[in-house]
Amino acid sequence: MTATTLTWSDRFGQHDMGDWAIYIPPTGLVEPDLHLDNPKRTARLRLLIAKTGLEERLDTVVPRAATPAEIEAVHSAEHVARMAAVSEAGWGDAGGGFTPMNGDSYELALLSAGSVLTCVERVLGGEADNAYAIGRRSGHHASRDTGYGFCIFNNVAVAAAAAQRAGIERIAIVDVDAHHGNGTEAIFYDDPGVLTISLHEDRMFPLETGAAGDRGGAGAEGANLNIPLPAGTGDGGYLYAFEQLVIPALDRFEPELLLVVAGVDGAMYDPLSNLALTAAGYAAAAEQLLAVAERHCGGRVVFEQEGGYSHVYAPFCWLKLIEVLAAAPRSEDPFADFLGGGFNELAPHQRELVDDLAYATHKENQR
Ligand SMILES: [Zn+2]
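Read in order, the letters of the sequence shown correspond to residues 17 to 383 in the working numbering.
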């Protein structure tokens, strides 16, 4: 049986930014509501893990916190000190103006990075075959000198740097969050030992990054792959991009460790993207990533949780990813009846777009 570690702290299901509306403060005409990055989402996932019986198949462990020194492997000491000071003051912003922090946020960010570190340590140490890190706050928009887009520290980058220190030379990071993994890309842009792949909605967030032509810095050409996909892509187009672009890139790179940035905000009902994916689509993508880990990494793969803002549907998508990792029976998606039919089949224009991207990538690889 597969030994799958799940990291969980009750604090992930409690950290609350208060009554913001989407991601702006409730002032003037705007009524108080939930901030999109609210604790309901992870709390509901934790309940589902218990209700479905999945937790009996998991080694659930409380993660350790990352140390500031571990964070500083990928962030400047100034950024770390500023985040500590913002929390110390009790309220402020991590960067960009819509990434609020309260008195708990700095410690939660250390615990979120530590959550991924704990998973990587257990997988590399042989205590787990694979692992799933729950965390709050998210990380993939955070770059060396600043937080951004709800993110404080780049959790997956902190973990990849730790794996490098442990002697792992070839690490692949696949970011399935609907938004571009700009922070992760920037941190490893010149590192040929870390392949960063991001599938994201084209022209979404951040607007200024995520272009298909950004393939890595000098000496690391080809070690970054961006796959911008149009709104309405659905499972068909997404999985075709996996088959034509993601899997071939991973097979060429032959990673020793696979890290997956598991945002599910590309799902239907998500208020922050329009990719129109379903829980079944995420499960199919996860299966392909697990097969890559089997082929190249001795099965060593860590998924770390990121975006997903429908507090009703996102938990069902995350649940599917954990079920795939644990080789557990699949629970039903209560929304499946509404998400079937033709819309998530591959459409000819989607095939053409992915083929064009694959052709351009293939030509570059020939150079
Ligand atoms: Zn996102």
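Think of the CB as a built atom: it goes at the ideal place given N, C-alpha and C, for glycine as much as any other residue. Note that this is a predicted model, so its numbers are computed, not measured.
CA nearest to the CA of residue i, picked from the options
i	options	result
Cys-313	Asn-146, His-91, Leu-50 and Glu-71	Asn-146
Ala-173	Glu-185, Ser-159, Pro-345 and Phe-114	Ser-159
Trp-107	Ile-203, Phe-351, Glu-217 and Asn-118	Asn-118
Lys-56	Ala-374, Ala-330, Leu-369 and Leu-362	Ala-330
Asp-193	Arg-138, Leu-362, Asp-26 and Leu-288	Leu-288
Val-190	Tyr-205, Asp-207, Ser-214 and Asn-170	Ser-214
Ala-81	Ala-265, Glu-72, Ser-121 and Glu-94	Ser-121
Leu-241	Gly-197, Gly-282, Asn-54 and Glu-94	Gly-197
Gly-229	Gln-180, Ala-376, Ala-278 and Pro-271	Ala-376
Gln-260	Gly-199, Ala-374 and Leu-45	Ala-374
Gln-382	Gly-238, Leu-61, Ala-66 and Ser-326	Gly-238
His-51	Thr-212, Leu-63, Pro-41 and Trp-36	Trp-36
Phe-332	Glu-322, Ile-243 and Ala-295	Ala-295
Asn-54	Ser-326, Glu-380, Pro-350 and Asp-353	Ser-326
His-195	Pro-84, Ser-92, Ile-40 and Leu-245	Leu-245
Contact set for residue i: own chain, Cβ-Cβ below 8 Å, skip 5 residues either direction
i	result
Arg-311	Asp-267
Gly-111	Ala-158, Thr-162, Gly-163 and Tyr-164
Own chain residues within Cβ distance below 7 Å of residue i, not counting five before or after
i	result
Thr-58	Phe-28, Gly-29, Ile-150 and Arg-152
Gly-315	Asp-145, Asn-146 and Ala-309
Ala-182	Leu-140
Val-317	Asn-146, Leu-274, Val-276, Leu-305, Leu-306 and Ala-309
Ala-343	Thr-18
Val-136	Ala-175, Ala-178, Ala-179 and Val-318
Unbroken alpha helix (DSSP H) run spanning residue i, endpoints
i	result
Lys-273	According to the sequence displayed, residue 273 carries Leu and not Lys. Run containing Leu-273: none in the alpha helix (DSSP H); it sits in the beta strand (DSSP E), 273-278.
Trp-334	330-341
Val-78	That residue, Val-78, is in no alpha helix (DSSP H); it is neither H nor E in DSSP.
Ile-203	198-204
Leu-22	It is not in any alpha helix (DSSP H) - Leu-22 instead sits in the beta strand (DSSP E) that spans 20-23.
Leu-124	121-140
Ile-87	84-87
Asn-171	171-181
Asp-353	352-355
Thr-108	According to the sequence as given, residue 108 is Gly; it is not Thr. No alpha helix (DSSP H) holds Gly-108; the beta strand (DSSP E) holding it covers 107-109.
Phe-269	263-269
Asp-365	Note that residue 365 is His in the sequence shown here, rather than Asp. Note, His-365: alpha helix (DSSP H), 364-382.
Gly-252	250-257
Endpoints, beta strand (DSSP E) assigned at residue i
i	result
Val-317	317-321
Gly-297	Segment 295-312 is the alpha helix (DSSP H) holding Gly-297; no beta strand (DSSP E) there.
His-216	210-217
Leu-50	Note, Leu-50: premise wrong, no beta strand (DSSP E); not H, not E.
Ala-147	146-149
Val-190	187-191
Leu-70	Note, Leu-70: premise wrong, no beta strand (DSSP E); not H, not E.
Pro-116	116-118
Ile-243	240-245
Nearest-angstrom beta carbon gap, residue j and residue i [assumed within contact, 8 Å]
i	j	result
Tyr-254	Gly-297	6 Å
Gly-250	Ala-292	5 Å
Ala-175	Leu-133	5 Å
Leu-74	Thr-20	5 Å
Thr-68	Leu-335	7 Å
Val-90	Ile-203	5 Å
Same chain, Cβ closer than 6 Å to residue i, five either side skipped, listed in chain order
i	result
Glu-185	Gly-209
Tyr-148	Leu-22, Phe-319, Ile-338 and Leu-341
Val-102	Gly-108 and Met-117
Ala-302	Leu-337 and Val-340
Gln-366	Gly-253
Ile-243	Leu-215, Ala-257 and Leu-261
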